[in-house]
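Okay, so the sequence shown: first residue is 2 according to our numbering, each after it adds one.
Yeah, the Cβ is synthetic: ideal placement off N, Cα and C, and Gly gets one too.
The structure displayed is predicted, hence computed values, not measured ones.
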Amino acid sequence: MGYLMEPRQRLSRAKRIVVKVGTSSLTDKHSRLDPKKIQKFVRETMKLRRSGKEVLIITSGAIGAGIGRLKLKRRPKEMSALQASAAVGQGILMQVYEKYFGEYGQPVAQMLLTREDFVDPVRRRNYENTLNVLLKWGIVPLINENDSVAVEEIRVGDNDMLSAYTAIHARAGLLVLLSDVDGLYTGDPRKDKNARLIKVVERITPEIEKLAGKASPRGFGGMMSKVQAAKIACEFGIPVVIAKSSEKNILERVRAGEEVGTIFLPRA
Ligand code: GLU
2 MGYLMEPRQR
12 LSRAKRIVVK
22 VGTSSLTDKH
32 SRLDPKKIQK
42 FVRETMKLRR
52 SGKEVLIITS
62 GAIGAGIGRL
72 KLKRRPKEMS
82 ALQASAAVGQ
92 GILMQVYEKY
102 FGEYGQPVAQ
112 MLLTREDFVD
122 PVRRRNYENT
132 LNVLLKWGIV
142 PLINENDSVA
152 VEEIRVGDND
162 MLSAYTAIHA
172 RAGLLVLLSD
182 VDGLYTGDPR
192 KDKNARLIKV
202 VERITPEIEK
212 LAGKASPRGF
222 GGMMSKVQAA
232 KIACEFGIPV
242 VIAKSSEKNI
252 LERVRAGEEV
262 GTIFLPRA
């Protein structure tokens with residue numbers, strides 16, 4: 002009979018890893034891309050690559066980069082203005098990644114997706130074929146929602162959900178959601194001194210979903226959408242870790258099974 006490994010230890014066996022990095026982990030307080038943050042993220046991704054892992058990145062930051070480039074005073078509210086900002090910012094985002102990954106000789110590829118790409122069988126097959134070739138060639142795909150064309154009806158929604166779908170379709174062994182918080186807390190850590198980090202979530206129950214709502218009531222891209230994404234990935238047997246992007250060596254520590262962030266255990 003095989004012995005049971007700790008769930009954290011099992012993470013080191015994942016060959017294919019999907020990492021989602023959010024806008025706040027890539028931009029400064031004026032919404033401009035922060036080269037230092039991106040450089041750190043790239044350095045850590047390269048550690049995973051060098052340990053033989055295939056890495057797929059779901060990256061936000063296009064809208065933020067556009068807002069910064071256009072020197073807009075605030076984030077626009079209308080969908081078309083957000084889409085226009087993303088159209089300006091996506092190229093800038095890629096340029097910065099290309100530069101930093103290029104320093105390691107690591108080729109990257111841009112893939113912009115909408116919900117249709119996961120739903121329509123022909124588009125899905127095309128997308129999966131492309132992805133497989135990219136990974137076979139040792140390329141790091143940089144995936145984002147195709148914001149400039151994705152209106153409400155065809156959006157995946159947010160990049161947390163996009164990362165869960167990607168992990169499922171790519172049959173990844175691990176999904177890491179990098180964020181500006183450590184993981185899921187029992188309350189809002191910014192307001193509640195007694196809020197405690199939950200290290201392991203064995204099952205995403207309605208109570209856990211309620212906690213996520215309490216921990217970051219702002220909604221979009223907050224804890225709620227992360228827990229929803231984790232729920233879907235876990236149902237497909239993929240473990241999910243939420244961790245803080247600014248922590249030192251965070252990706253390597255997650256991969257090594259260190260007790261950082263919150264791990265959501267997959268269904269058998
Ligand atoms: N696709 C958006 C962007 O690149 C971000 C969406 C999200 O973070 O959920 O700016």
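Lys37 sits in a helix when the DSSP states are folded into three classes.
When secondary structure is reduced to three states using DSSP, Leu94 falls in the helix class. Collapsing the DSSP output to three states places Glu146 in a strand. Taking C-beta atoms as the reference points, Ile205 and Lys227 fail to come closer than 7 angstroms. CA-CA distance, Ser180 to Asp121, rounds to 30 angstroms. For Leu179, the enclosing beta strand (DSSP E) begins and ends at Leu175 to Ser180. Beta bridge pairing from DSSP links Glu55 with Arg17. For Leu136, the enclosing alpha helix (DSSP H) stretches over residues Pro122 to Lys137. At a Cβ-Cβ threshold of 7 angstroms, Asp161 and Ala230 count as neighbours.
Fewer than three pairs of CB atoms, one per stretch, sit closer than 8 angstroms, so the stretch 26-42 makes no contact with the stretch 134-153. Apart from sequence neighbours up to five positions away, the residues of its chain that approach Ser149 with a beta-carbon distance below 6 angstroms are Gln84, Ala87 and Ala88, ordered along the chain. For Arg156 and Asn147, the gap between their C-alpha atoms comes out near 8 angstroms. Residue environment analysis places Asn145 among the buried positions, since at least 16 neighbouring C-beta atoms fall within 10 angstroms of its C-beta.
One thing to note: Leu34 has its Cβ within 7 angstroms of the Cβ of Val97.
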